[in-house]
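Protein chains in written order, with our numbering: chain A, 592 to 781; chain B, 2 to 224.
We put the CB at the ideal spot given by N, CA and C, even for glycine.
Working notes, structure below.
Here it is, written out as structure tokens:
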């Protein structure tokens, strides 16, 4: 049921395309990683508007520096995390961090970047999502990040409701496997 | 209901998408099936981390702003090739821009204009912004004159800023040889709290932060 071969464009392939000026590839990377970048901003900077600046700065840096990315030295996630951390430090240095206000509480368990000291953080989840087949990532993204009901997802992507229901289960199981056994998903990459 | 059918409902169960009848049937099945309970436990872990990640996402309009910013720029690997086209590319880069503004007065449907003032770094420069609300966004036109000539590895960048130092880039551009150009941009409605307009001279060093070398400034609160 979960062994079907579905091509998944890996992060490293996407950043290669970004280096060639493909902004659709940047858009895909943004969809995969803007949440952990933003969560890091909330955690480090304690302010939603500064976290937005961090997201903007980080992905602008990705665009500008894509050609210097070397997959032999680090994974894309590690590279992006370093960019995010460095930009957050710069923002923190330049501006006085305002107190956390209502609705801006830092995320719990978003702390360690792509190599956390323990537990699962937003970077792990985003990276795990990037490794699962697109049809699985799509149904999870629409359900959890866009808040669509399964019936709405069915209409949006023109797939029968019954398929969406079974695909949701399959996608959650696939994501769990990607989280606990990252290596098992690598073979699905393009 | 078959075993596979029950298993296929686990995702919908976690998402609260089952009918009362389906939910009751599934829970009855789970009570007697350890294999499905194990599957549910694994799916629930994935469900929980997704819920947590979803709860902390950036506002949707930020993506539009980020992509608008980079679409006027050339990524690193492509940059050298483009430099061979500098005169033509400059015209393309002019299209880049964008900025914002937003304060109560800009929310009117009629166009407004903000005059930008020169700084010591560009005493002859001048410029103005015109904005008009179009749906949820603002269409902004930036016109500049007599900006200093840039080196090949420099560009101009327009920002909206706050007094506490917060700053959002609207986009980058280069001017014609005489230092003049007019660029158009779309500003999202989320920049309401950034009433100061700045145009800065930026080195092409990969640092997305502001250089602080302001050549034009304006204040939307003067409207």
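(request) Tell me where the beta strand (DSSP E) around residue 171/B begins and ends. (result) Translated into the one-based positions of the second chain, residue 171/B becomes position 170. Element bounds for residue 171/B: 168-174.
(request) Return helix, strand or coil for residue 661/A, following the three-state DSSP convention. (result) As a position in the first chain, residue 661/A is number 70, starting the count at 1. Coil.
(request) Using a Cβ cut-off of 7 Å, pull out every chain B residue sitting near residue 736/A, in sequence order please. (result) Taking the first chain and counting its residues from 1, one reaches residue 736/A at position 145. Those are 55, 58, listed as they occur along chain B.
(message) Between which residues of its own chain and residue 675/A is the CB-CB distance below 6 Å, once the five residues before and five after are set aside?
(response) Here residue 675/A refers to the residue found at position 84 of the first chain. So the list reads 628, 631, 649, once near-sequence residues are dropped.
(request) Would you list, in chain order, the members of the region 645-676 of chain A that have their beta-carbon closer than 7 Å to a beta-carbon of chain B? (result) 646, 647, 648, 650, 651, 652, 654, 655, 656, 657, 658, 659
(request) Can you tell me the Cβ-Cβ gap for residue 126/B and residue 15/B, rounded? I've got them flagged as a contact below 8 Å. (result) Against the second chain, residue 126/B aligns to sequence position 125. Against the second chain, residue 15/B aligns to sequence position 14. Contact doesn't hold; Cβ gap of about 59 Å is too wide.
(request) Take residue 181/B and list the residues in its own chain whose beta-carbon comes closer than 6 Å to its own, dropping the five residues that flank it on each side. (result) One-based indexing of the second chain puts residue 181/B at position 180. Within the same chain, residue 181/B has close Cβ partners 146.
(message) Buried or exposed, going by whether 16 or more other CB atoms sit within 10 Å of the CB of residue 18/B?
(response) Locating residue 18/B in the second chain gives position 17, counting from the first residue. Here residue 18/B is buried, its C-beta having at least 16 other C-beta atoms within 10 Å.
(message) Among 665/A, 633/A, 720/A, 683/A, whose alpha-carbon lies nearest the alpha-carbon of residue 623/A?
(response) Numbered from its first residue, the first chain carries residue 623/A at position 32. For residue 623/A, the nearest C-alpha among the options comes from 720/A.
(request) Can you say whether residue 684/A is buried or exposed, counting buried as having 16 or more other CB atoms within 10 angstroms of its CB? (result) Counted from its first residue, the first chain places residue 684/A at position 93. So residue 684/A ends up on the exposed side.
(message) Taking only three categories from DSSP, how would you classify residue 640/A?
(response) Residue numbering aside, residue 640/A sits at position 49 when the first chain is read from its first letter. DSSP places residue 640/A in helix when its eight states are reduced to three.
(request) Mind checking who residue 204/B pairs with in its DSSP beta bridge? (result) If you number the second chain from 1, residue 204/B lands on position 203. Answer by DSSP bridge pairing, in chain order: 155/B.
(message) Going by the DSSP bridge assignment, what does residue 215/B pair with across the sheet?
(response) As a first step, residue 215/B must be located in the second chain, where it is residue number 214. 201/B, per the DSSP bridge assignment.
(request) Establish whether the CB of residue 744/A and some CB of chain B are separated by less than 8 Å. (result) To locate residue 744/A, count along the first chain from 1; it is residue 153. Closer than 8 Å: no.
(request) Would you identify the three-state DSSP class for residue 750/A, choosing helix, strand or coil? (result) As a first step, residue 750/A is located in the first chain; it is residue number 159 there, counting from the start. Coil, per DSSP.
(message) According to DSSP, simplified to helix, strand and coil, what is residue 646/A?
(response) On the first chain, position 55 is the one that residue 646/A refers to. The answer is helix: DSSP assigns residue 646/A an H, G or I state.
(request) Give the C-beta separation of residue 31/B and residue 760/A to the nearest angstrom, bearing in mind that I take them to be a contact with Cβ-Cβ under 8 Å. (result) Against the second chain, residue 31/B aligns to sequence position 30. Against the first chain, residue 760/A aligns to sequence position 169. Rounded, the Cβ-Cβ distance is 13 Å, inconsistent with contact.
(request) Taking residue 210/B as the reference, give the member of 616/A, 716/A, 740/A, 655/A with the closest Cα. (result) Within the second chain, residue 210/B is the residue found at index 209, counting from 1. Considering only alpha carbons, the answer is 655/A.
(request) Using a Cβ cut-off of 7 Å, pull out every chain B residue sitting near residue 603/A, in sequence order please. (result) Here the question's residue 603/A lines up with position 12 in the first chain. What residue 603/A touches in chain B: nothing, since even the nearest Cβ is about 14 Å away.
(request) Please report how far the alpha carbon of residue 70/B lies from the alpha carbon of residue 7/B, in whole angstroms. (result) Mapped onto the second chain, residue 70/B falls at position 69. Mapped onto the second chain, residue 7/B falls at position 6. In a straight line, the C-alpha of residue 70/B is about 48 Å away from that of residue 7/B.
(message) Pop quiz: residue 747/A and residue 733/A are said to be a contact at Cβ under 8 Å. What is the actual Cβ separation, rounded to whole angstroms?
(response) Your numbering for residue 747/A matches position 156 in the first chain. Your numbering for residue 733/A matches position 142 in the first chain. Indeed they touch by this definition, with Cβ atoms about 6 Å apart.
(request) Can you tell me which of the three DSSP states residue 656/A falls into? (result) Residue mapping note: residue 656/A aligns to position 65 of the first chain, counting from 1. In the structure shown, residue 656/A sits in a helix (DSSP, three-state: H, G or I).
(message) Run through chain A and tell me which residues come within less than 7 Å of residue 48/B, C-beta to C-beta.
(response) Working through the second chain from its first residue, we reach residue 48/B at position 47. Going along chain A in sequence order, the residues near residue 48/B (Cβ under 7 Å) are 763.
(request) Under 6 Å Cβ to Cβ from residue 109/B, same chain only, skipping five residues before and after it: list those, please. (result) In the second chain, counting from the first residue as 1, residue 109/B sits at position 108. Low confidence applies to residue 109/B: its pLDDT is 42, below 50, so where it sits in the model is not reliable enough to give any reading.
(message) Helix, strand or coil for residue 106/B? Go by DSSP, reduced to three states.
(response) On the second chain, position 105 is the one that residue 106/B refers to. Reliability fails at residue 106/B, whose pLDDT of 44 lies under 50, so the model's placement of it is uncertain and the value that follows must be treated cautiously. Three-state result, residue 106/B: helix.
(request) Measure the C-alpha to C-alpha separation of residue 119/B and residue 199/B and round it to an integer number of angstroms. (result) Position 118 of the second chain, counted from the start, is the residue given in the question as residue 119/B. Position 198 of the second chain, counted from the start, is the residue given in the question as residue 199/B. Residue 119/B and residue 199/B: Cα-Cα distance of roughly 10 Å.
(message) Given the structure, does residue 742/A come close to the ligand FMN, in the sense that its CB is under 7 Å from one of the ligand's heavy atoms?
(response) As for the ligand FMN, it is missing from this structure, which has no ligand bound.
(request) Going by CA-CA distance only, name the one from 756/A, 608/A, 727/A, 764/A that's closest to residue 23/B. (result) Mapped onto the second chain, residue 23/B falls at position 22. Per the Cα distances, 756/A.
(message) For a contact defined as C-beta to C-beta under 8 Å, what are the partners of residue 748/A on chain B?
(response) Here residue 748/A is taken as the residue at index 157 of the first chain, counted from 1. Under the 8 Å cutoff, chain B gives no residues; its nearest Cβ is about 15 Å from residue 748/A.
(message) If the cut-off is 8 Å on Cβ atoms, which residues from the region 169-180 of chain B count as contacting chain A, listed in chain order?
(response) 169, 170
(request) Note down the Cα distance separating residue 40/B from residue 637/A, rounded to an integer number of angstroms. (result) Residue numbering aside, residue 40/B sits at position 39 when the second chain is read from its first letter. Residue numbering aside, residue 637/A sits at position 46 when the first chain is read from its first letter. Straight-line Cα distance between these residues: approximately 37 Å.
(message) If the criterion is Cβ atoms closer than 8 Å, does the pair residue 653/A and residue 682/A meet it?
(response) Indexing the first chain from 1 puts residue 653/A at position 62. Indexing the first chain from 1 puts residue 682/A at position 91. No; because the gap between Cβ atoms is not below 8 Å, this pair is not in contact.
(message) I'd like to know whether the C-beta atoms of residue 643/A and residue 59/B end up nearer to each other than 8 Å.
(response) Position 52 of the first chain, counting from 1, holds the residue named residue 643/A. Position 58 of the second chain, counting from 1, holds the residue named residue 59/B. By the CB criterion at 8 Å, residue 643/A and residue 59/B fall inside the cutoff.
(message) One question on the structure: do residue 186/B and residue 172/B come within less than 8 Å of each other, judged by their Cβ atoms?
(response) In the second chain, counting from the first residue as 1, residue 186/B sits at position 185. In the second chain, counting from the first residue as 1, residue 172/B sits at position 171. Cβ atoms of residue 186/B and residue 172/B: closer than 8 Å.
(request) Establish whether the CB of residue 680/A and some CB of chain B are separated by less than 8 Å. (result) Looking up residue 680/A in the first chain gives position 89. Judged by the 8 Å Cβ criterion, residue 680/A is not in contact with chain B.
(request) Go ahead and label residue 769/A buried or exposed: buried means 16 or more other beta carbons lie within 10 angstroms of its beta carbon, across all protein chains shown. (result) Start at 1 with the first residue of the first chain, and residue 769/A comes out as number 178. So residue 769/A counts as buried.
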